[in-house]
Ligand SMILES: *Cc1c(COP(=O)(O)O)cnc(C)c1O
């Protein structure tokens, strides 16, 4: 087209932005195949659902649905402040933690500024960064995980934000406290470092850090957490950032006034009070992970060892093919070719019968 069009007015970065690819919804696959018993292991959701306490809180809140939610999220922030032993002024609530990641990009990135992340890292970092016109810098991975030395070497005078997922999605790799803190300590103090801890509750490793413990030492640190994974509240959309109060103040300037709805606020607050549910979910995940890795082993498939509630397996051929064949058997996994892993399928740890059905389907597909 040589005429001037509104397309020319799309903000820099938006015109060639590739949107986030979500997992296929169960309803869509079942409509297409005319089946009702599909298994979705595509989006790292909690197969056990959510805490009964969260459900009860949502039901009670239903009568208030005509009212706007508490835009400041006072009660949830107070509960989170108590849980993390931090001042509520350090907490920024998000419509999912993706919302917080997006606020970080809007506040700290702009054309001419650089956003640094790792190869195979969570897709939202480059998407949110490109949307605000920042320059993307991707550090090469080391054994599928973050190579902190390579990343440190790419920080320069134009760098504004460095993103670290610990553990990372979709690889399930993780960083030890010592190496991660040394990396943060060496960063120029004007560079924001985001440590995304979406899967933190699942990690059972002695050297795995809680980066929120370092907030007093590093005012340029932002830690993000979510209720979408182990807490089982993915559809309600609620997550949060922990940071220096001045950083939280900046984030809150771009936050939509009612970004977290009232069901999400009360459900998250109740879910926090049910740590038994969290422990139960983590234990079920440990068992399911063992089932999956054993099954992959029996099929002779390599996989990336993961500390999350998902695992990426090398299917030894173009993953789209395998994904299509699995879908025909009613099994939804997540091909991750778009993460630079063209032969890997990410599989969320499901219920025991789901894991077994998925393994069976995979072995049939791979013949
Ligand atoms: C799932 C996930 C999130 C959380 O997304 P929400 O917006 O909170 O649902 C954040 N970071 C990573 C790495 C994830 O995998």
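Residue numbers (the working numbering): 1 to 367. Every residue gets a Cβ at the ideal spot worked out from N, C-alpha and C, and that includes glycine. Keep in mind the model is a prediction, meaning the values are calculated, not measured.
Around the beta carbon of residue 35, fewer than 16 other beta carbons sit within 10 angstroms, so the residue counts as exposed.
For residue 344, the enclosing beta strand (DSSP E) stretches over residues 344-348. The C-beta separation of residue 108 from residue 184 comes to about 16 Å, leaving the pair out of contact by the 8 Å criterion.
The beta carbons of residue 170 and residue 43 sit no closer together than 9 Å. In the structure shown, residue 5 falls within a coil segment according to DSSP collapsed to helix, strand and coil. Between the alpha carbons of residue 67 and residue 46 lies a distance of about 29 Å.
Counted as a single uninterrupted DSSP element, the stretch harbouring residue 262 is not any beta strand (DSSP E) but the alpha helix (DSSP H) occupying residues 262-272. Residue 96 has its Cβ nearer than 8 Å to a heavy atom of ligand 1.
Bounds of the beta strand (DSSP E) holding residue 93 are 91-94.
For residue 249 and residue 89, the gap between their C-alpha atoms comes out near 8 Å. For residue 246, there is no enclosing beta strand (DSSP E); the residue is found in the alpha helix (DSSP H) stretching over 245-254.
Residue burial is scored here from C-beta neighbours: residue 188 has fewer than 16 other C-beta atoms within 10 angstroms and is therefore classed as exposed.
In the three-state reduction of the DSSP assignment, residue 278 falls in the helix class, which pools H, G and I.
With a cutoff of 8 Å, residue 124 counts as near ligand 1, since its C-beta is closer than that to a heavy atom of the ligand. Cα atoms of residue 291 and residue 354: separation of roughly 11 Å, rounded to the nearest angstrom. Contact annotation: the segment 263-278 does not touch the segment 122-131, with fewer than three C-beta pairs closer than 8 Å.
In this structure, residue 228 sits near residue 234, with a CB-CB distance shorter than 9 Å. Residue 240 and residue 76 have their alpha carbons spaced roughly 10 Å apart. Residue 358 and residue 346 have their C-alpha atoms roughly 12 Å apart. In this structure, residue 118 lies away from residue 160, with their beta-carbon atoms at least 9 Å apart. In the DSSP assignment, residue 165 forms a beta bridge with 196.
In terms of CA proximity to residue 352, 41 leads the group 22, 41, 17. If the five residues before and after residue 218 are omitted, its C-beta is found closer than 6 Å to the C-beta atoms of 184, all from its own chain and listed in chain order. For ligand 1, a non-hydrogen atom lies closer than 8 Å to the CB of residue 229. At a Cβ-Cβ threshold of 9 Å, residue 308 and residue 167 count as neighbours. In the same chain as residue 79, and ignoring 5 residues on each side of it, the C-beta atoms closer than 6 Å to its own belong to 269, 272, in chain order. The beta strand (DSSP E) runs lying completely inside the segment 107-188 and spanning 3 residues or more are 114-118, 135-139, 159-165, given in chain order.
A Cβ-Cβ distance of about 39 Å is found for the pair residue 212 and residue 299, leaving them out of contact under the 8 Å criterion.
Here the alpha carbon of residue 349 sits roughly 27 Å from the alpha carbon of residue 18.
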